[in-house]
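Going by our numbering, the final residue of the sequence shown carries number 278, and the count climbs one at a time with no gaps.
Let me begin by presenting the structure, written as structure tokens, before commenting on it.
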Amino acid sequence: MFKNIIIAVDGSAYSESVISHAAALSRLYHSRIFVFTVVDVRIFEWASAVGADGFVTIVPSGTFQEESIKLLEEKAEKILQKCGQLLEKEQIPFKLEKAVGSPAELILAKSQIADVVIMGKRGEFERWDNHDLGVTVQTVCRSIAKPLMVVKKEPRPIQRILLGYDGSEHANRALQQSAHLADTCQAKLTVVCVSDDLEAGTHYCQEAEEYLESYAGQVYTQVIAGEPSRQLVAYAQSQSMDLIVIGAFGRSRIRQAILGSTTEHILRFSTCPVLLVK
Numbered sequence: 001m002f003k004n005i006i007i008a009v010d011g012s013a014y015s016e017s018v019i020s021h022a023a024a025l026s027r028l029y030h031s032r033i034f035v036f037t038v039v040d041v042r043i044f045e046w047a048s049a050v051g052a053d054g055f056v057t058i059v060p061s062g063t064f065q066e067e068s069i070k071l072l073e074e075k076a077e078k079i080l081q082k083c084g085q086l087l088e089k090e091q092i093p094f095k096l097e098k099a100v101g102s103p104a105e106l107i108l109a110k111s112q113i114a115d116v117v118i119m120g121k122r123g124e125f126e127r128w129d130n131h132d133l134g135v136t137v138q139t140v141c142r143s144i145a146k147p148l149m150v151v152k153k154e155p156r157p158i159q160r161i162l163l164g165y166d167g168s169e170h171a172n173r174a175l176q177q178s179a180h181l182a183d184t185c186q187a188k189l190t191v192v193c194v195s196d197d198l199e200a201g202t203h204y205c206q207e208a209e210e211y212l213e214s215y216a217g218q219v220y221t222q223v224i225a226g227e228p229s230r231q232l233v234a235y236a237q238s239q240s241m242d243l244i245v246i247g248a249f250g251r252s253r254i255r256q257a258i259l260g261s262t263t264e265h266i267l268r269f270s271t272c273p274v275l276l277v278k
């Protein structure tokens, strides 16, 4: 299912985890990894635009910009080279690519040829130890049409998968993805429906169970009352889950330009990687 994997790397502390998760999926699905890095030149564009119109006119010289961009491109080449060495050592087919521009826009454009995109929770310059998401991953989450895996710094094998299910269209796609992934990884799959309506929650769990009958892996279902995002994060942590799979927007009627509150909370506070399915 994941035959074309795109990973977005920037040299941050998350990059090795991104590579590790991609390599694990590649071995399972015999897939190729597209290693993608972006030389972010927006700061120079911003400086030129704002500096010229500011209270004090400060516009970076052309020489300064050229030299700075050159250094960033050299760094990008080194990042790709290191990624290539790691993947070559693992004997995994890969392709390296560098682009110049806005990271989020270019990642979204590249995602058109992907079965899944893998990114770190935060980027290189977002080092604060808090629950905030990086700006690039937030932007990609809002607009991407393909499955997106957001990983933490520490890579982990996928042995226990948690699916948050509510019967919505996106959740149904997440059900299909998690079933196939659990079957391929030989992982235990737990389906949790968070609902204060026990009857509705039981119905959705039975619906998931019926679909999963065709798969041979271990499946466990449970209905939990409460607020979905908090309950899913708490359950994943208490049960030492290795991956949370959710439909990106659930049943709430939220425009696709905005992350659903459930999705955003899970991405921020989950202690394990999250796979968003749209």
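Just so it is clear, CB atoms sit at the ideal spot from N, CA and C, and this is done for glycine as well.
Only a predicted model underlies this, so the values are computations on that prediction, with no experimental measurement involved.
Neighbourhood of residue i by C-beta distance below 7 Å, restricted to the same chain and skipping five residues each side
i	result
S270	V233, A236 and I244
Residue i versus residue j - alpha carbon distance
i	j	result
T139	A104	6 Å
A216	E67	57 Å
Y204	Q222	10 Å
L106	V38	8 Å
S31	F94	9 Å
H170	E90	34 Å
Y14	A248	22 Å
Q206	E88	44 Å
A182	T262	23 Å
S111	F2	13 Å
A200	V194	10 Å
Where residue i falls, given that 16 or more other Cβ within 10 Å makes a residue buried
i	result
V100	exposed
R253	In this prediction, R253 scores a pLDDT of 47, lower than 50, which makes its location untrustworthy; the coordinate-derived value is nonetheless stated afterwards. It is exposed - the Cβ of R253 has fewer than 16 other Cβ atoms within 10 Å.
A179	buried
G167	buried
Sheet register partners of residue i (DSSP bridge)
i	result
N4	R32
M149	I118 and L275
C193	V223
R160	K188
D40	G101
F94	I33
Proximal residues to residue i (C-beta, below 6 Å), its chain only, five neighbours per side dropped
i	result
D40	P103
E73	V39
L162	T190, A236, M241 and I244
R122	G134
S20	P155
G84	L96
Beta-carbon contacts of residue i that lie in its chain and below 8 Å, excluding the five residues immediately before and after
i	result
A114	N4, I5, I6, F34 and K146
S240	R160
Integer Cβ distance of residue i from residue j, believed to fall under 8 Å
i	j	result
L276	C185	Actually they are not in contact, since the Cβ atoms of L276 and C185 sit about 18 Å apart, beyond 8 Å.
G134	V18	About 12 Å; that fails the 8 Å criterion.
I246	G164	4 Å
K152	C272	7 Å
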